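Trainee: I have a structure here, written as C-alpha cells, and I will follow up with some questions on it.
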C-alpha cells in the first residue's frame with residue numbers, strides 16, 4: 001500500500017493560474033499586437049492572446065509570434081483566416097495592420113512546445129468564432145479584460161511603493 005505522503009509527492013497538484021497554459025481548446029481574444037522586425041528584416045507580430053474560456057483560466061495571457069515571411073505564412077494565414085473569415089471567403093487580399101487583429105475572437109487549440117530547455121504556448125489550429133448576440137460571451141470578455149486591468153494596476157502600485 002502506498003502512503004498518503006508518497007502519493008502527494010508523486011502526483012503534485014498543478015496550479016495553472018500562472019505560467020504556461022495547459023494544452024487544450026480555448027476561446028481567445030487578441031488583446032494587444034506589437035509589430036516588430038526580426039534580425040533577417042522580416043515583419044513579425046507579437047500577439048498577446050487573452051483567455052476568455054474556460055472560466056477557470058479567464059484573464060490569463062500568453063504571447064504568440066506570427067511571422068510574415070514567406071516560409072512561415074502557413075501559420076499566419078491560419079490565424080488570420082480564423083480572425084477574418086469574411087475576407088478569406090471573399091478572396092480579398094488585405095494589407096492588415098496590427099490594430100485590425102486586436103479585439104478579434106478565435107477558438108483555438110493551444111499546445112505546449114519546447115525548444116531546448118524553454119517551453120512556450122503555441123496555437124496549433126484556430127477557427128472563427130462569432131460573438132453575435134451571445135451575452136454570456138460578452139460578459140466573459142468584460143471579466144477577462146477587468147482581470148487584466150486589475151493585475152496591471154496592482155503591478156503599477158507595487159512599482160510606486162518607495163522603500
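In the numbering used here, the protein residues as written are 1 to 163. For glycine and all other residues, C-beta sits at the position ideal for the given N, C-alpha and C. Computed from a prediction, not measured in an experiment: that's the story for all the values here.
Jot down the residue ranges of each uninterrupted alpha helix (DSSP H) in the stretch 91–135, minimum 4 residues, whole runs only, in chain order.
Mentor: 98–101
Trainee: Quick one: what's got a C-beta closer than 6 Å to residue 60's C-beta in the same chain, skipping five residues either side?
Mentor: Indexing the chain shown from 1 puts residue 60 at position 60. For residue 60, where only same-chain residues beyond five positions count, the Cβ hits under 6 Å are 51.
Trainee: Skipping 5 residues on each side, what residues in its chain have a beta carbon closer than 6 Å to that of residue 14?
Mentor: Counting from one through the chain shown, the residue named residue 14 turns up at place 14. In this prediction, residue 14 has a pLDDT of 40, which is less than 50 and means its spatial position is unreliable; nothing more can be read from the coordinates.
Trainee: Taking all protein chains shown into account, do 16 or more other C-beta atoms lie within 10 angstroms of the C-beta of residue 105, making it buried, or fewer, making it exposed?
Mentor: Residue 105 sits at position 105 when you count from the first residue of the chain shown. Burial call: buried.
Trainee: Just tell me which of 144, 107, 54 has its CA closest to the CA of residue 78.
Mentor: Counted from its first residue, the chain shown places residue 78 at position 78. Comparing Cα positions, the closest option is 107.
Trainee: Candidates 29, 40, 55: which alpha carbon is nearest residue 48's?
Mentor: Residue numbering aside, residue 48 sits at position 48 when the chain shown is read from its first letter. When only C-alpha atoms are compared, the closest one is 29.
Trainee: Mapping DSSP to helix, strand and coil, what is residue 77?
Mentor: For the purposes of this step, residue 77 is taken as residue 77 along the chain shown, with counting starting at 1. Correct three-state label for residue 77: helix.
Trainee: Taking residue 165 as the reference, which of 23, 57, 80 has the closest Cα?
Mentor: No answer is possible for residue 165: it lies beyond the span of the chain, which begins at 1 and ends at 163.
Trainee: Can you give me the C-alpha to C-alpha distance between residue 97 and residue 117, rounded to a whole angstrom?
Mentor: Here residue 97 corresponds to residue number 97 of the chain shown, with the count starting at 1. Here residue 117 corresponds to residue number 117 of the chain shown, with the count starting at 1. Each residue's Cα considered, the two are about 33 Å apart.
Trainee: Using the beta-carbon count (16 or more within 10 Å), is residue 129 buried or exposed?
Mentor: Residue mapping note: residue 129 aligns to position 129 of the chain shown, counting from 1. Buried.
Trainee: Among 90, 20, 69, 27, which has the Cα closest to the Cα of residue 103?
Mentor: As a first step, residue 103 must be located in the chain shown, where it is residue number 103. Selected option, being the one with the closest Cα: 27.
Trainee: Keeping to the same chain, check which residues put their C-beta closer than 7 Å to that of residue 65; ignore five residues upstream and five downstream.
Mentor: For the purposes of this step, residue 65 is identified with residue 65 of the chain shown, where counting begins at 1. 44, 46.
Trainee: Select from 67, 120, 112 the residue whose C-alpha is nearest the C-alpha of residue 40.
Mentor: Reading the chain shown from its first residue, position 40 is the one you call residue 40. That would be 67, whose Cα lies nearest to the Cα of residue 40.
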